[in-house]
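Participant: Here's a structure for you.
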Amino acid sequence: MTARARGTALLLAGLCLAAGASACGPAREVARSGASASAGGMTIGLLLPDYTSRMQQFDKPLIERRIHQLCPACRVEFASAQHDVATQQQQVDAMITKRVKVMILDAVDSRSMRSAIENARRAGIAVVSYDRLAEGPVSGYVSFDGDRVGRLQGQALLDAMGDKARDGQIVMMNGAATDPNSGWFEKGALAVLQGKVKIGKAYETAGWRPENANINMSGAISALGADHIDGVYSANDSLAAGIIAAMKAAKMDPLPPVTGQDAELSALQRIVKGEQYMTVYKPFAPEAGAAAEMAVALTRGEPLDKITTHTVDSPTTRDIPTVLLRPIAVTAHNIKSTVVKDGMYTVHQICTPQLVAACAKAGLTR
188 MTARARGTAL LLAGLCLAAG ASACGPAREV ARSGASASAG GMTIGLLLPD YTSRMQQFDK
248 PLIERRIHQL CPACRVEFAS AQHDVATQQQ QVDAMITKRV KVMILDAVDS RSMRSAIENA
308 RRAGIAVVSY DRLAEGPVSG YVSFDGDRVG RLQGQALLDA MGDKARDGQI VMMNGAATDP
368 NSGWFEKGAL AVLQGKVKIG KAYETAGWRP ENANINMSGA ISALGADHID GVYSANDSLA
428 AGIIAAMKAA KMDPLPPVTG QDAELSALQR IVKGEQYMTV YKPFAPEAGA AAEMAVALTR
488 GEPLDKITTH TVDSPTTRDI PTVLLRPIAV TAHNIKSTVV KDGMYTVHQI CTPQLVAACA
548 KAGLTR
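If you're matching positions, the sequence shown starts at 188 in the working numbering and goes up one per residue.
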């Protein structure tokens, strides 16, 4: 990967994280928002891999809002693939048929979407790769620095383990092998962990599914013994949920520290309860805003050099104009100064009646 500082700032002011759920019909359908077809606006396709609470509450509405701020005449065609590669390939084909001007694509599988992106390029449609880098001739890419994500996770795990790291061992629960972000996170984590702690077991988690993480963790407990697992590197929060469920089923008490990523509400509640040690917060507004700005610029035929700050290489394409944003490590000690301060969640949302005492201890309700 190459980095090329350009000294320009993203115009992200005005983005609001307090976005409510979007009413857009069934997740597999393509839905329209924005100006009507008769308004003569340009159309931007937004293709997401799923319609989880994150995508519904943050990514989709933030991207749409910023597009409409920058280009009131633009329309957005939305589609969710529900984790299915074939569905997303068909949705790209549908966008090509509709002759959208640009697509913002968060690929279900980065490698499998290559031919669909090549088809879009042949049709004169630019593709902005969102959150994970897809193979093929993409015109731009926006995400968070995955190496730093992994380093934050690895360092937090060592900090939580303290002296136990010297003679202890951990389980590594990486993400899907087909996702380049997973390898990026793992590489960053290993740069911190290797030589500092023994890695007893390491897994790739198919589909990033918590049920697969649960199965893997149960296998690790059987192989290593519950008393010989001193920490768990979990690549994200959904995997952490499956991991923690497996450890509870094995009667592990106290639970060893577990990492995470995405600052999901349930993960923050686990952190407050002491079940998960940390998560990585990736502010969605700057990421969504950068994707929207890149898409609007491409619809107007404008270069991306005033928006992007880096370039990266994929297995198929070199020097892709890129925005890489900085993630933030979150533990019980800084929930209030990070995700609450930024308006991602309120204290009321995090601190359910069952968590009143834990929230007071964490300083959230004082």
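Don't be surprised by glycine CBs; every beta carbon is placed ideally from N, CA and C.
#1: Taking only three categories from DSSP, how would you classify N401?
#2: Is it the case that the stretch 481 to 490 contacts the stretch 250 to 264, given that we only count it when at least three CB pairs across the two stretches are under 8 Å?
#3: If I follow the unbroken alpha helix (DSSP H) through Q342, where does it start and stop?
#4: Kindly give me the distance between the Cβ atoms of G172 and E398, rounded to whole angstroms, as I take these residues to be in contact under 8 Å.
#5: Let me know the secondary structure DSSP gives L573 once reduced to three states.
#6: Is it true that the stretch 410 to 420 meets the stretch 344 to 364, where meeting means three or more beta-carbon pairs spaced less than 8 Å apart?
#7: Can you tell me whether A549 is helix, strand or coil according to DSSP?
#8: Smallest Cα separation from V315: which of K285, I231, V336, G382?
#9: Does DSSP put H535 in a helix, a strand or coil?
#10: For N368, which residues in the same chain have their Cβ closer than 8 Å to its Cβ, ignoring the five residues on either side in sequence?
#11: Whole angstroms are fine: how far does the CA of D449 sit from the CA of A472?
#12: List the endpoints of the continuous beta strand (DSSP E) containing M358.
#13: Skipping 5 residues on each side, what residues in its chain have a beta carbon closer than 7 Å to that of L542?
#14: Distance, Cα to Cα, D506 vs D492?
#15: Is it right to say P470 is buried, meaning 16 or more other beta carbons lie within 10 angstroms of its own, or is it exposed?
#16: Which of helix, strand or coil does DSSP assign to T509?
#17: Which residue's Cα is closest to the Cα of K374: T365, K383, M404, G341?
#18: Leaving aside the five residues before and after A475 along the sequence, list all residues of the same chain whose C-beta is less than 6 Å from its C-beta, in chain order.
#19: Does DSSP put L197 in a helix, a strand or coil?
#20: Report yes if the CB atom of V445 is closer than 8 Å to the CB atom of Y468, and no otherwise.
#21: Please classify G311: does DSSP put it in a helix, a strand, or coil?
#22: Could you compute how far the alpha carbon of T504 sits from the alpha carbon of R308?
#23: Unbroken alpha helix (DSSP H) runs of length 4 or more, entirely within the stretch 457 to 527: which are they?
#24: Are R338 and V379 closer than 8 Å when you measure CB to CB?
#25: Sorted by chain position, which residues of the same chain lie with C-beta nearer than 8 Å to A544's C-beta, five sequence neighbours on each side aside?
#26: What does the alpha-carbon distance come out to for the pair T392 and I494?
#27: Return the chain-ordered list of same chain residues with a C-beta closer than 6 Å to the C-beta of A413, the five sequence neighbours on each side being excluded.
#28: When DSSP labels each residue in this structure, what does V379 get in the three-state scheme?
#29: Can you tell me the Cα-Cα spacing of Y390 and L377, whole angstroms?
#30: Are the beta-carbon atoms of D296 and V272 separated by less than 8 Å?
#31: Bridge partners of M290, per DSSP?
#32: When DSSP labels each residue in this structure, what does K285 get in the three-state scheme?
Facilitator: Based on what the coordinates show:
#1: As a first step, residue 401 must be located in the sequence shown, where it is residue number 214. N401: helix per DSSP, three-state reduction.
#2: yes
#3: Taking the first residue of the sequence shown as 1, we reach residue 342 at position 155. 333 to 348 is the span of the alpha helix (DSSP H), which, as asked, contains Q342.
#4: Only positions 188 to 553 of the chain appear in the structure, and residue 172 is not among them; the question remains open.
#5: Look at the range of the chain in this structure, 188 to 553, and you will see that residue 573 is not part of it.
#6: yes
#7: Locating residue 549 in the sequence shown gives position 362, counting from the first residue. Looking at A549 - three-state DSSP - the assignment turns out to be coil, as it is neither helix nor strand.
#8: Position 128 of the sequence shown, counted from the first residue, corresponds to residue 315. The shortest C-alpha separation from V315 is found at I231.
#9: Taking the sequence shown and counting its residues from 1, the one referred to as residue 535 is at position 348. It is helical.
#10: Against the sequence shown, residue 368 aligns to sequence position 181. Listed in chain order, the non-local C-beta contacts of N368 below 8 Å within the same chain comprise D318, R319, L320, S330, G333, G362, local neighbours out to five positions each way being set aside.
#11: On the sequence shown, residue 472 is found 285 positions in, with the first residue counted as 1. On the sequence shown, residue 449 is found 262 positions in, with the first residue counted as 1. One C-alpha to the other measures close to 13 Å.
#12: Along the sequence shown, read from residue 1 onward, the residue named residue 358 stands at position 171. Note on identity: in this sequence residue 358 is Val, with Met being the wrong assignment. It spans 356 to 361 - the beta strand (DSSP E) in which V358 sits, taken as one unbroken run.
#13: Here residue 542 is taken as the residue at index 355 of the sequence shown, counted from 1. Taken in chain order, the residues that qualify are Q456, V459, K460.
#14: Here residue 506 is taken as the residue at index 319 of the sequence shown, counted from 1. Here residue 492 is taken as the residue at index 305 of the sequence shown, counted from 1. Each residue's Cα considered, the two are about 12 Å apart.
#15: Position 283 of the sequence shown, counted from the start, is the residue given in the question as residue 470. Flag for P470 reads buried.
#16: As a working note, residue 509 is residue 322 in the sequence shown. DSSP places T509 within a strand segment (E or B) once states are collapsed to three.
#17: For the purposes of this step, residue 374 is taken as residue 187 along the sequence shown, with counting starting at 1. The candidate whose alpha carbon is nearest that of K374 is G341.
#18: Taking the sequence shown and counting its residues from 1, the one referred to as residue 475 is at position 288. So the qualifying residues of the chain are D246, L249, I250.
#19: Within the sequence shown, residue 197 is the residue found at index 10, counting from 1. Reliability fails at L197, whose pLDDT of 35 lies under 50, so the model's placement of it is uncertain and no value is given.
#20: Taking the first residue of the sequence shown as position 1, residue 445 is located at position 258. Taking the first residue of the sequence shown as position 1, residue 468 is located at position 281. Going by C-beta atoms, V445 is not nearer than 8 Å to Y468.
#21: As a working note, residue 311 is residue 124 in the sequence shown. Looking at G311 - three-state DSSP - the assignment turns out to be coil, as it is neither helix nor strand.
#22: Translated into the one-based positions of the sequence shown, residue 504 becomes position 317. Translated into the one-based positions of the sequence shown, residue 308 becomes position 121. Rounded to whole angstroms, T504 to R308 spans 13 Å at the Cα level.
#23: 471 to 486
#24: Reading the sequence shown from its first residue, position 151 is the one you call residue 338. Reading the sequence shown from its first residue, position 192 is the one you call residue 379. In terms of Cβ geometry, R338 and V379 form a close pair [threshold 8 Å].
#25: For the purposes of this step, residue 544 is identified with residue 357 of the sequence shown, where counting begins at 1. Result list for A544: empty, nothing under 8 Å.
#26: Start at 1 with the first residue of the sequence shown, and residue 392 comes out as number 205. Start at 1 with the first residue of the sequence shown, and residue 494 comes out as number 307. Between T392 and I494, the C-alpha separation is close to 34 Å.
#27: Translated into the one-based positions of the sequence shown, residue 413 becomes position 226. Only A437, M439 meet the Cβ criterion.
#28: On the sequence shown, position 192 is the one that residue 379 refers to. DSSP places V379 in helix when its eight states are reduced to three.
#29: Counted from its first residue, the sequence shown places residue 390 at position 203. Counted from its first residue, the sequence shown places residue 377 at position 190. Answer to the nearest angstrom: the Cα atoms are 13 Å apart.
#30: Here the question's residue 296 lines up with position 109 in the sequence shown. Here the question's residue 272 lines up with position 85 in the sequence shown. Cβ distance < 8 Å, so D296 and V272 count as in contact.
#31: Mapped onto the sequence shown, residue 290 falls at position 103. DSSP output for M290 lists G232, V314 as bridge partner(s).
#32: Locating residue 285 in the sequence shown gives position 98, where the first residue counts as 1. Three-state DSSP puts K285 in coil, outside helix and strand.
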